[in-house]
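This report concerns only the one structure given below.
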Amino acid sequence: GNSVTQMEGPVTLSEEAFLTINCTYTATGYPSLFWYVQYPGEGLQLLLKATKADDKGSNKGFEATYRKETTSFHLEKGSVQVSDSAVYFCALSTGGGNKLTFGTGTQLKVEL
Amino acid sequence: EAGVTQFPSHSVIEKGQTVTLRCDPISGHDNLYWYRRVMGKEIKFLLHFVKESKQDESGMPNNRFLAERTGGTYSTLKVQPAELEDSGVYFCASSQFGQGKETQYFGPGTRLLVL
Chain H
19 GNSVTQMEGP VTLSEEAFLT INCTYTATGY PSLFWYVQYP GEGLQLLLKA
69 TKADDKGSNK GFEATYRKET TSFHLEKGSV QVSDSAVYFC ALSTGGGNKL
119 TFGTGTQLKV EL
Chain W
23 EAGVTQFPSH SVIEKGQTVT LRCDPISGHD NLYWYRRVMG KEIKFLLHFV
73 KESKQDESGM PNNRFLAERT GGTYSTLKVQ PAELEDSGVY FCASSQFGQG
123 KETQYFGPGT RLLVL
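From first to last, the protein sequence lines are chains H and W. Just so we're aligned, residue 19 is where the first sequence starts under this note's numbering, counting upward by one. Just so we're aligned, residue 23 is where the second sequence starts under this note's numbering, counting upward by one.
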């Protein structure tokens, strides 16, 4: 079956620090990969996605590259801000129904 | 354009009671999904509607859970009778059909606490 493993949090960083949240996956077939973000008090929002190997998804300064050889989709940002504090979920989908398989989420706290 | 809405935002009930959650998808979205996050764990798929039909209900935990989507518009998820382990956040998501349109848009979730 499909599964997603992401690094456990919480992750605490100072503003302007470099961020990496690791995500690896196991899937049948060729999955699409996603990062969703949940800000405090809000629902899940799609942050970025990649649908095939070597694709790079990017949004709001965040990037992730679909690495088939290492089955990974690590999230990076060069300089985090306090407003990036949120829970980040790595996810994948396969097949026609497109149901999402999520990781456990990583809480990020950015301090001044 | 309105996003996915869910009602109620919070619900606290006692074990054995019944609770009904509602989801209104984005207008024109034929796909509707229910997910659940139990405290501290991953978000898990419950089921998928295409219009009014259940496409995949492989994630429904047991027969205490009943989902419907009347007329292919809004959806309800009823838990009867509720148990302690049903506590968690229930998310609804919707999407369109078509290549490149499969992004799922999520609602804010319903936080259910069973005492």
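The C-beta atom is built at its ideal place from N, Cα and C for all residues, glycine as well.
Among the options, the one whose alpha carbon lies nearest that of residue i
i: L135 of chain W; options: W:V26, W:T27 and W:V34; result: W:V34
i: A115 of chain W; options: W:Q126, W:S109, W:E90 and W:G50; result: W:Q126
i: E64 of chain W; options: H:N20, H:K127 and H:N116; result: H:N20
i: G113 of chain H; options: W:D78, W:R86, W:T95 and W:K73; result: W:D78
i: F29 of chain W; options: W:E107, W:P47 and W:V60; result: W:P47
i: K78 of chain H; options: H:Q63, H:V22 and H:T46; result: H:Q63
i: A35 of chain H; options: H:G115, H:K127, H:S103 and H:G96; result: H:G96
i: Q99 of chain H; options: H:V128, H:E87 and H:G115; result: H:V128
i: E26 of chain H; options: H:C41, H:E33 and H:S32; result: H:C41
i: L99 of chain W; options: W:E124, W:S31, W:C45 and W:G38; result: W:C45
i: K70 of chain H; options: H:E87, H:E33 and H:S32; result: H:E87
i: S109 of chain W; options: W:A24, W:L88 and W:R59; result: W:R59
i: G25 of chain W; options: W:H32, W:M61, W:S117 and W:N84; result: W:S117
For residue i, the first and last residue of its enclosing beta strand (DSSP E)
i: I35 of chain W; result: H32 to I35
i: K66 of chain W; result: I65 to V72
i: S101 of chain H; result: Taken as a continuous stretch (DSSP letters only), S101 of chain H belongs to no beta strand (DSSP E), as it is neither H nor E.
i: L66 of chain H; result: L62 to A68
i: I39 of chain H; result: L37 to I39
i: S116 of chain W; result: G110 to S117
i: Y54 of chain H; result: S50 to Q56
i: D78 of chain W; result: S75 to D78
i: A89 of chain W; result: F87 to E90
i: L54 of chain W; result: N53 to R59
i: D46 of chain W; result: V41 to D46
C-beta neighbour in chain H for residue i, strict 8 Å
i: G129 of chain W; result: yes
i: Q118 of chain W; result: no
i: I35 of chain W; result: no
i: F67 of chain W; result: yes
i: R63 of chain W; result: According to the sequence provided, residue 63 of chain W is Lys. The question's Arg does not apply to it. So yes, K63 of chain W belongs to the interface.
Beta-carbon separation (whole angstroms), residue i vs residue j, contact threshold 8 Å
i: P130 of chain W; j: G61 of chain H; result: 4 Å
i: G81 of chain W; j: F67 of chain W; result: 4 Å
i: F91 of chain H; j: Y43 of chain H; result: 7 Å
i: V101 of chain W; j: V41 of chain W; result: 5 Å
i: I39 of chain H; j: Y106 of chain H; result: 6 Å
i: R86 of chain W; j: P103 of chain W; result: 7 Å
i: G121 of chain H; j: T23 of chain H; result: 6 Å
i: L110 of chain H; j: T124 of chain H; result: The Cβ separation is near 16 Å, so there is no contact.
Residue i and residue j closer than 8 Å at C-beta
i: F119 of chain W; j: D52 of chain W; result: yes
i: K67 of chain H; j: L51 of chain H; result: yes
i: D102 of chain H; j: L126 of chain H; result: yes
i: E15 of chain W; j: G94 of chain W; result: Outside the displayed range of chain W (23 to 137) lies residue 15 of chain W, so it cannot be described from this structure.
i: Y96 of chain W; j: K117 of chain H; result: no
The ligand SAM heavy atom lying under 7 Å from the CB of residue i
i: L65 of chain H; result: This structure does not include the ligand SAM; it has no bound ligands of any sort.
Closer than 8 Å to chain W by CB, residue i
i: F91 of chain H; result: no
i: T83 of chain H; result: no
i: E60 of chain H; result: yes
i: L51 of chain H; result: no
i: G27 of chain H; result: no
i: G115 of chain H; result: yes
i: T88 of chain H; result: no
i: F80 of chain H; result: no
i: F120 of chain H; result: yes
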